[in-house]
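Following: one structure in structure tokens, then a few remarks.
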Amino acid sequence: MGKRWIPLEANPDVMNQFIWGLGVPEGDAQFCDVYGLDDDLLAMVPQPVLAVLLLYPLTSLDEEEKEESGASGASAAGAKDLSKKVYFTKQTVGNACGTIGVIHAIGNATSQIKLVEGSYFEKFYKKTADMDPVQRAAFLEEDDEMEDAHSVAASAGDTDANVDVNEHFVCFSCVDGELYELDGRKSEPISHGPSSPETLLQVKYFLEFCLLCIHFPFEICRFLPLVMLAVSFTRMFGAVAPFANKRFINLESLVLLFL
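Once you know that position 69 of the sequence shown is 69 in full-length UniProt numbering, the rest is easy, because the numbers rise by one and skip nothing.
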């Protein structure tokens with residue numbers, strides 16, 4: 001990756017301003033915190049959930065898997081038919097994974113979210129609709145408007161901006177009744193089987209019981225801190241958990257953000 005951006009913080013306030021400024025109606029959808037994967041905490045999540053973003057630390061194992069994915073992507077594609085409705089783009093800009101995750105989340109929910117006419121997102125998805133993932137990545141890399149918007153959002157976080165980070169965002173969306181893992185480092189979307197907006201938080205199952213299936217090294221998911229984000233229509237009500245400002249916490253109390 002040649003070009004590098006400032007990484008986007010896993011912060012609902014930052015991401016909300018980011019998507020609202022680019023064409024998601026402010027009253028329709030937003031990111032918000034979810035404070036754990038226990039059933040009681042998940043029950044507080046507004047429904048329906050449209051997407052889940054996961055932030056996790058990278059290791060050398062991820063780099064090896066990335067290379068293998070690139071080499072075997074064509075053969076993997078034939079293993080399972082993927083819905084043509086899935087919006088997917090590769091990532092060619094360093095530290096752009098947060099924005100790529102947002103693009104995947106919104107791009108696979110345009111039937112539920114009515115984007116503001118003439119907005120950046122509305123024009124972006126129309127222009128890239130017929131492109132393949134590599135062409136979309138090239139388009140995004142040369143898109144000054146998105147780069148500027150990303151830079152503003154990345155600079156608005158609570159933590160100091162630093163281009164040298166070791167975490168990565170992945171998006172999970174429900175398309176045509178399937179749960180898809182959308183990772184710009186991979187060659188294509190990965191289907192994890194049947195799902196629905198009402199059951200999209202079943203991603204908890206993959207995190208706790210099927211770590212190898214979710215294409216992350218077992219050691220990372222079991223022992224290192226993670227952050228998750230998710231997507232929903234309604235606003236979360238007012239209570240703030242005591243660890244609401246912690247962006248990196250243990251697996252037992254993951255943070256989910258909802259749109």
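Glycine is no exception: its CB is placed at the ideal position from the N, C-alpha and C atoms.
- Look at I6 here: in three-state DSSP terms it is coil, with no helix or strand label.
- Taking V175 as reference, the option from A109, I100, D183 with the minimal CA-CA separation is A109.
- If you check the CB distance, L55 and F169 come in under 7 angstroms.
- A residue is called buried once 16 or more other Cβ atoms fall within 10 Å of its Cβ, and N166, having fewer, is exposed.
- The Cβ-Cβ distance between P194 and V86 does not fall below 7 angstroms.
- Buried is the label assigned to Q30, since at least 16 other Cβ atoms lie within 10 Å of its Cβ.
- Inter-segment contact for the region 3-16 and the region 140-157 is present: three or more beta-carbon pairs are separated by less than 8 angstroms.
- Around the Cβ of D164, a 10 Å sphere holds fewer than 16 other Cβ atoms; the residue is exposed.
- If you ignore the 5 residues before and after I113, its C-beta comes within less than 7 angstroms of the C-beta of V24, D28, A29, I106, all in its own chain and listed in chain order.
- Secondary structure at Q30: strand, using DSSP grouped into helix, strand and coil.
- When DSSP states are grouped into helix, strand and coil, G118 belongs to the coil group.
- Cβ contact annotation for W20 (same chain, cutoff 6 angstroms, sequence separation greater than five): E26, in chain order.
- In this chain, the beta strand (DSSP E) harbouring A51 covers 49-57.
- From the listed residues A96, V116, P133, E122, the smallest Cα separation to F88 is found for P133.
- Here S111 is actually not in contact with E178; their C-beta atoms are around 15 angstroms apart, not less than 8 angstroms.
- Counting along the chain, P194 sits inside the beta strand (DSSP E) bounded by residues 190-194.
- Pairing L201 with V102 gives a Cβ-Cβ distance that is not under 7 angstroms.
- V14 is positioned such that its CB atom lies no closer than 7 angstroms to that of A137.
- About 3 angstroms separates the beta carbons of G98 and L8, which is inside the 8 angstroms limit, making them a contact pair.
- Excluding its 5 nearest sequence neighbours in each direction, K127 has C-beta neighbours in its own chain below 8 angstroms: F139, listed in chain order.
- DSSP places E142 in the coil class of the three-state scheme, outside both helix and strand.
- In this structure, the CA atom of Y180 is about 5 angstroms from the CA atom of S191.
- Per the coordinates, the alpha-carbon of S187 lies some 28 angstroms from the alpha-carbon of N11.
- DSSP places L182 outside any alpha helix (DSSP H); the residue lies instead in the beta strand (DSSP E), whose first and last residues are 178-182.
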